[in-house]
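Engineer:
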Amino acid sequence: MGMNLEYPPGIGPSFTEPIQEEADLDKLTTDYGDKLDKTYDAIFLTRHRINGAVPLFGFTGGPWTLATYMIEGNSPNKCHKTKRWLYEKPEGFKRLISMLT
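Using UniProt numbering, the final residue of the sequence shown is 101, and nothing's skipped along the way.
#1: Within this structure, are the beta carbons of Leu25 and Leu86 separated by less than 8 Å?
#2: Could you tell me the boundaries of the alpha helix (DSSP H) in which Ala42 lies?
#3: Mind checking whether Glu91 and Thr82 have CB atoms under 8 Å apart?
#4: Quick check: the Cα distance between Arg84 and Lys78, rounded to an integer number of angstroms?
#5: Check the DSSP bridge columns for Phe93 and list the partner residues they point to.
#6: So, residue 102 versus Met3, is the Cβ gap smaller than 8 Å?
#7: Go to Ala67, then tell me how far its alpha helix (DSSP H) extends in each direction, as first and last residue.
#8: Can you give me the start and stop residues for the alpha helix (DSSP H) that Leu86 sits inside?
#9: For Ala53 and Tyr40, I'd like the C-alpha separation in whole angstroms.
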């Protein structure tokens, strides 16, 4: 979606520039075109190679989790910023969730 994601040791996935205001949503892109083709191919091939022997995914983030990381920057403790968005900027939050789904 155009956000820079890093994996600092001991912290986990972190966005270097989290979403801070509704105008930041205009910077996001949902036009993936063929950017995910290799990802889909890798998932397809891996699924067939493991043939049900082990789970394919150990963790996947749903829309709430992704929105929380995008707003908080990394793994949130109590989601204060995200909850503030939800209550104070409901249309902006709804727009972000729509972009993620």
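The C-beta atom is built at its ideal place from N, Cα and C for all residues, glycine as well.
Just so you know, these numbers come straight off a predicted model, no measurement behind them.
Structural biologist: Taking the structure as given:
#1: no
#2: 37-50
#3: no
#4: 11 Å
#5: Answer is none; Phe93 lacks a bridge partner.
#6: Lying outside 1 to 101, the shown extent of the chain, residue 102 is not represented and no answer is given.
#7: 63-72
#8: 80-88
#9: 20 Å
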